[in-house]
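Heads up, the sequence shown is in the UniProt record's numbering, so the first residue is 1 and it goes up one at a time. Below: the structure, in structure tokens.
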Amino acid sequence: MEEDSPERSGAQSRVSSAASSHYNEEDHGYEDGEVRASPTSLNMSWSFGVNKHVPVHNLSDGNRKVALFVCAHVGVMFDWEGNKQQLLQGHCNAISCTCVSEDRRWIATADRGKDSMVIIWDSFTTIPVQTIFEAHSDGCAAIAMSPDAKYIATISSTLPQTVSVWDWTNNGDTPVCSATLDDNFGKQTYITFNPEDTSQLVSNSESQVVFYAWDNKTLEYVAPPLTDKDFNRSVGLYSQSIFQLQSPRALTATSCGNIVVWEHAGGDLKCNRKAFKIVKLQEKGLTVLTTTDKYIVTGDISGHVRFLDQQLRLTNWYKHFNAGPINAVSFSYSPKPADAQTPQEKTNFPASSTLDGSPFLVNDFVISTSTANVAHFVTNGSELQFIHKEHDSDTHAIACHPSEPRLCIGSFSGLLQLWDYEKKELLTSRVFDQRQLMIQCMTFNPTGDLLAIGFTNGSVRIVDGLTLKEEGRGDGLAVFNHCHDCITNIKFSHDSNYLATSDLDRCVTVFKAQKDDTDQPWVYVGKQRAHYKTIHDISFGIALDSDIPWLLSLGQDRVLVEYDLLNSSTDDLRLISSERIEQSAVPQCFAWYPPIVKENFLLVANDQFKLKLYNSTTKMCRQTLLGPTYGTPLRRLIVLPSYEDRTTRYLAYITLDKVGLQILPLDGNPHKTMALIAHPEGVSNLVCSYDGKYVFTAGGEDCSVLMWDINLDALEAAAALGGEGLIPFYGLLEGGREGELFAELEDYFYYAQIRSQGVDTTDTRQVSTKVPLAQVPYIMRALGFYPTEQEIDDMINELKFRDYVATGKYVTEIDLGQFIRLYVNHRPAFGLSPFDLHEAFNKLGIPGDQGFAIDRDRLLSLLQNKGEHMTEGEMAEYMSTLLGIGELGGSAETGTYDASNAAELLREHLPENITADNFAAQVLGFLTEGEGTVSTS
């Protein structure tokens with residue numbers, strides 16, 4: 001083994017010495033016992049769940065008992081005795097692999113995806129001491145650290161795979177050496193160093209083992225062939241490989257229960273090896289192969305751990321774990337060997353299976369399984385302690401108790417857990433017997449004594465909120481099977497009298513409580529398929545000036561449906577109204593706007609990054625605002641409860657992969673919102689605690705739930721730093737307050753005053769700071785924003801009724817500041833994309849040699865009859881203006897436009913078949929930059 005050189009630690013020694021000034025070696029923490037990050041608006045404080053695909057490492061030594069596991073994009077150091085977590089945050093993608101040094105001091109974590117990183121951490125201080133940016137273009141599939149912690153080896157996640165060796169203590173920018181593997185080797189998923197010679201490595205895929213030898217310049221490798229015919233027996237799929245201690249041999253475990261023994265094949269290359277023999281250990285497949293002291297250790301799909309001597313003879317085994325298929329066995333670190341125990345210390349160790357029956361002495365170890373279980377086994381006394389029993393399938397369902405610090409988590413595995421999230425204690429759990437009962441969603445009722453659960457098979461169960469048992473006498477009284485597809489949303493009314501669900505079958509189903517009937521406390525009312533596309537959200541409200549529940553649903557079909565609960569009867573769920581609330585955008589979710597204004601509003605988020613306020617009674621769009629623009633549209637909204645003595649209200653939301661906060665009231669100011677990555681592979685759900693101190697996010701496929709502390713002072717500080725009044729909105733204009741767009745806007749504002757007073761008038765002009773509302777559409781179009789007639793109506797109504805509730809009067813004029821707010825809130829969040837035009841032609845056209853094309857007559861017909869209606873004269877005017885056809889002349893605005901022969905003249909100037917590119921170039925006047933792209937320059 002190589003000696004540790006004095007200059008080994010470039011960045012490492014500098015960071016370690018700085019960190020040690022406040023570091024206490026005895027308790028492995030800072031002076032106050034906690035390691036704290038600088039607070040932001042949202043701070044991750046706890047993780048529920050384990051990534052079962054990344055092996056767990058045992059960081060325990062004589063002073064601490066800590067396990068390292070992965071949860072989404074975070075490494076978690078979990079002290080299971082103190083019930084504390086230290087979170088290693090820094091990755092923006094899900095962590096794909098980890099490794100630790102032999103002395104458990106250094107940890108390396110790697111992810112895969114865009115902007116991937118390899119981060120090396122000091123496990124004592126949890127400080128990152130080195131970061132390797134984009135070690136491979138799409139991240140790492142496997143990583144290993146040399147026993148002396150001087151080098152790490154990485155394998156890229158995409159084919160053809162690249163293997164690199166890094167001297168991370170001196171250089172995090174370039175590898176020492178690299179090599180590219182053949183695609184035929186399969187995807188290498190495991191790599192390790194030779195503990196006795198760090199210049200040698202071994203990796204394997206399911207089909208190929210590769211041996212490496214490297215120096216400061218080159219990385220050479222050999223992939224020895226091995227087939228079933230070579231030894232006349234089935235080899236199986238490779239799982240893990242190791243170098244045998246004090247021997248030139250290497251070993252590989254397989255899915256057939258075999259160990260392949262590799263010998264040196266001679267020649268100049270140290271990595272030149274060949275298969276020497278295959279040893280049949282057992283019938284069950286081997287999943288883990290590692291070493292400890294003088295033993296070779298295996299783990300298998302039956303959950304058994306076996307210890308072999310160097311001649312592969314069985315020395316001892318443990319098969320009573322009942323934890324599931326093993327995917328990692330990791331031993332605690334001890335500077336002295338296990339056999340250095342005193343006679344008194346050896347008394348509780350089990351006897352080995354050898355003839356002499358001597359005490360079997362090995363360090364304690366942690367096992368992790370493919371069923372998301374993590375357990376610690378104390379060899380001195382043979383005690384097994386489960387550290388984690390987590391969800392091993394998609395986790396979408398989370399619910400917070402309305403008055404207690406309790407969090408309920410459910411998953412596709414049928415596991416239901418109730419946690420005290422302040423004490424971090426599991427209160428109770430339940431596993432539903434039938435495998436088809438996969439939990440999709442759930443919610444507590446307003447009093448917290450009931451929990452309603454929706455399953456993927458369409459069944460609904462109402463259980464006790466504390467014991468998680470079915471409510472009522474008998475299993476069937478609170479179990480409903482009226483839905484025929486996955487339940488996607490489930491909600492209680494404010495008085496707990498009604499329960500409503502929506503499902504993938506586009507149905508809304510309602511159940512009603514019978515408080516006086518102990519035999520049948522809940523009954524089915526009815527269901528209604530009022531939407532023709534997927535239902536995105538449902539919610540109960542309270543009818544104005546009453547205590548009557550009010551149920552609404554919102555679908556991908558842009559329709560908001562209101563249900564008549566009072567007049568509904570069994571098998572007859574009635575509707576009050578069904579209104580289309582969007583024209584082109586697709587609503588994603590909605591919430592009831594808090595009573596911070598005098599009107600009762602519904603807050604709707606759509607896929608065009610807009611937040612819209614609708615009057616809950618008239619369904620009129622009263623305000624359109626620019627929403628958070630963090631990559632993807634909002635997928636769920638929650639108005640946070642009033643927090644302590646604050647009068648300001650706040651909103652929590654999730655996007656595809658982020659969680660964020662927004663200060664209310666909404667005004668479009670981008671500095672009043674923030675977001676950060678919650679689950680890189682997708683956030684599926686969001687709930688908040690009853691006191692508004694925490695939000696919880698579920699990661700769906702990553703089987704994790706994250707707990708976030710809310711720091712409202714940090715959010716308010718960020719908003720204050722963004723400026724007051726119009727300053728944040730100037731920043732949304734191209735060029736800002738001093739840019740060309742703002743100067744043009746001032747000119748247009750003055751021109752609008754001239755236009756409203758009459759262009760040809762000779763009267764003295766009245767210069768004002770305001771313009772009539774009727775001029776707003778013309779200024780918008782002059783700025784390059786072309787709203788539809790519906791959007792114009794929404795803008796005018798937003799301005800006209802702005803002060804009506806307070807003053808009883810309509811607004812008739814708008815000043816420049818108000819117009820800037822209106823403009824930045826209503827215009828497209830990211831401008832017009834040429835891909836939108838191509839998508840329209842793809843849907844409406846017919847494929848041809850030059851792409852999708854639309855027949856000329858059909859295009860004119862579609863423009864006139866679909867979407868917003870246009871008369872023949874209007875259509876002819878707009879098209880002739882775009883095409884520059886001077887003969888048509890006139891103006892529809894002045895009433896002098898001549899529409900005669902318009903269609904015929906348009907046919908002369910338009911090709912018979914129109915594609916997106918020639919429509920953009922000839923009609924819209926955009927420059928084409930090749931198929932699929934259009935430039936508006």
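For every residue, glycine included, the Cβ atom is placed at its ideal position computed from N, Cα and C. Since this is a predicted model, take the numbers as computed values, not measurements.
For Asp111, the three-state secondary structure derived from DSSP is strand. Beta-bridge analysis with DSSP links Met77 to Leu68 and Gln86. A check of alpha carbon separations from Asp505 across Gly465, Glu877, Trp522 and Thr456 identifies Thr456 as the nearest.
Excluding five sequence positions before and after Met870, the CB atoms of its chain that fall closer than 7 Å to its own CB belong to Leu863 and Gln864, given in chain order. Note that the region 423-438 does not touch the region 716-731; fewer than 3 beta-carbon pairs, one per stretch, sit closer than 8 Å. One thing to note: Trp214 has its Cβ within 8 Å of the Cβ of Ser199. Remark: C-beta atoms of Asp111 and His57 do not approach each other more closely than 8 Å.
Around the beta carbon of Tyr190, 16 or more other beta carbons sit within 10 angstroms, so the residue counts as buried. Under the DSSP assignment, Ile119 falls in the beta strand (DSSP E) whose first and last residues are Met117 to Asp122. In the structure shown, Val683 adopts coil according to DSSP, grouped into three states. Of the other Cβ atoms in all chains shown, 16 or more fall within 10 Å of the Cβ of Phe609; this residue is therefore buried.
Using a Cβ distance threshold of 8 Å, Phe48 and Ser689 do not count as a contacting pair. Apart from sequence neighbours up to five positions away, the residues of its chain that approach Ile107 with a beta-carbon distance below 6 Å are Val100, Trp121 and Ser123, ordered along the chain. DSSP places Asn184 in no beta strand (DSSP E); its state is neither H nor E. Straight through space, the alpha carbons of Val305 and Leu289 are spaced by roughly 10 Å. Comparing C-alpha distances from Asn373 to each of Lys270, Tyr333, Asp547 and Lys389 shows the shortest one belongs to Lys389. Judged by their CB atoms, Pro665 and Ile710 are not nearer to each other than the 8 Å cut-off.
Taken through DSSP and simplified to helix, strand or coil, Met620 comes out as coil.
Judged by DSSP secondary structure, Tyr333 falls outside any alpha helix (DSSP H); it is assigned neither H nor E. Phe601 is bridged by DSSP to Asn615. At the C-beta level, Val811 and Leu822 stay beyond 8 Å of one another.
Ranked by Cα distance from Asp517, the options Leu544, Ala478 and Val824 are led by Ala478. Bridge pairing for His264: Arg273 [DSSP].
Beta-bridge pairing by DSSP links Pro405 to no other residue. In this structure the region 197-211 lies against the region 219-233, because at least three pairs of beta carbons, one per stretch, are closer than 8 Å. By the 16-neighbour rule on beta-carbons within 10 angstroms, Lys423 is exposed. Per DSSP, Met780 is one residue of the alpha helix (DSSP H) stretching across Val776 to Ala782. The criterion of a C-beta distance shorter than 8 Å is not satisfied by Ala328 and Ser302. For Thr807, the uninterrupted alpha helix (DSSP H) run begins and ends at Tyr804 to Thr807, by DSSP. For Met870, the three-state secondary structure derived from DSSP is coil.
In this structure, Leu859 keeps its C-beta atom at 8 Å or more from the C-beta atom of Ile792. Close CB contacts of His484 within its chain, under the 6 Å cut and outside five residues either way in sequence, are with Gly458 and Asp505 (chain order).
For the 8 Å CB-CB criterion, Lys619 and Glu579 form a contact. Residue range Glu789 to Lys800 is occupied by the alpha helix (DSSP H) that includes Met795. Residue nearest to Glu681 within the set Ala675, Glu701 and Asp691 is Glu701 (criterion: CA-CA distance).
Membership of Gln850 in any alpha helix (DSSP H) is not indicated, and neither H nor E is assigned to it by DSSP.
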